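Numbering (full-length UniProt numbering), first residue to last: 243 to 602.
Worksheet for the structure shown next.
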Ligand code: M6R
């Protein structure tokens, strides 16, 4: 059932191209992105969106926030469900709520849905599991269509959450007549991403790098802007299956405390594609290097200068700025997978964790 793979996790990572294809079926028309599930929502007029989720789904929500807020003046507030449900969240007629849960069964996310529904909010659920509880409690459901995910670590479902959230964001923008050449490029990139992933999977080989880095006990993931969530997700993946103390910060926060941790035993994993914040990332990498931390940098193919400041470099294909979280995600997943595997752990069944967290 693992189709020749050693673990479900790596099988599910390699299934990402097909998973994306399923998420896109019927959702890109000639006129642009189209999600029939949201046709009845007044997304033309709302000015606030609250997104609630846990774990990896929360990281996907953060990418959505950076993406949508860049293109339109709508406040997107993202919160982890275990906090959201106990806050006094203000809902009015101009607010939409999106709840993201791969399993559709996460207790805190479900309770958050109930709380806002009592306040009169309309809720759009994004889930992978047909007929799950969240689909029954929400007003509309957008399915991720990733196919079943067995590994405890979310991999292909994170990818599909991103795909569906990009489509949702683009649909909102289109409905409000906010469209641009850049968005057209984003949409094209989404369409082509299954092939881009396939090519990446054919060429990527991180084994040597990983056999070296698996021996460290700490990792600092840093990123900026839309790739700050990528750093969070990279650290979560690594800690949940390899039990390495991985922490993530927006790169600009380093000097407000965390940089004190850095030394040769504490490598920095920098998410540094060639985007509009690249120069800032570069300074943060240099600052980390000055503390003698080893640096692994993920950057864009063709970026030659980075090898003079980073010890190890992983390249991803040049992509539209908005889309880097999508192309970088498989890399941080593969990295975490092989670290765990080489350390002799079973990434499919990490200690202390369950696939769905149905208790508070
Ligand atoms: O099913 P959900 O998306 O609601 O699950 C949320 C988290 O429990 C989940 O993403 C968790 O963080 C994963 N194990 C991450 O790999």
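All C-beta atoms in this analysis are idealised placements derived from N, C-alpha and C, irrespective of residue type, glycine included.
These figures come from a predicted structure and were not determined experimentally.
| Item | Value |
| --- | --- |
| Distance between residue 259 and residue 437 (C-alpha atoms, nearest Å) | 7 Å |
| Nonlocal neighbours in the same chain, by C-beta distance under 7 Å from residue 417, ignoring five residues either side | 285, 286 |
| Cβ-heavy atom distance, residue 294 to the ligand M6R, below 7 Å | no |
| Distance cut-off 7 Å: residue 354 Cβ against heavy atoms of the ligand FMN | Looking at this structure, you won't find the ligand FMN anywhere; what it does contain is the ligand M6R. |
| Three CB pairs or more closer than 8 Å across the stretch 249-266 and the stretch 381-390 | yes |
| Residue nearest to residue 488 in terms of C-alpha spacing, selected from 357, 494, 413, 503 | 503 |
| Cβ of residue 513 within 8 Å of any chain D Cβ | The structure shown contains no chain D, having only a single protein chain. |
| Delimiting residues of the alpha helix (DSSP H) encompassing residue 600 | Residue 600 -> no alpha helix (DSSP H), and no H or E assigned at all. |
| Rounded straight-line distance, which links the Cα of residue 448 to that of residue 555 | 10 Å |
| Residue 362 versus residue 464: straight-line alpha-carbon distance, rounded | 38 Å |
| Endpoints, beta strand (DSSP E) assigned at residue 492 | 487-492 |
| Which residues DSSP lists as bridging residue 319, in chain order | 292 |
| At least three beta-carbon pairs within less than 8 Å, the stretch 454-474 to the stretch 517-525 | yes |
| CB-CB length for residue 292 against residue 348, believed under 8 Å | In fact, because the Cβ distance is near 16 Å, the residues do not count as touching under 8 Å. |
| Proximity winner among 422, 379, 441, relative to residue 359 (alpha-carbon distances) | 379 |
| Sheet register partners of residue 369 (DSSP bridge) | 343, 385 |
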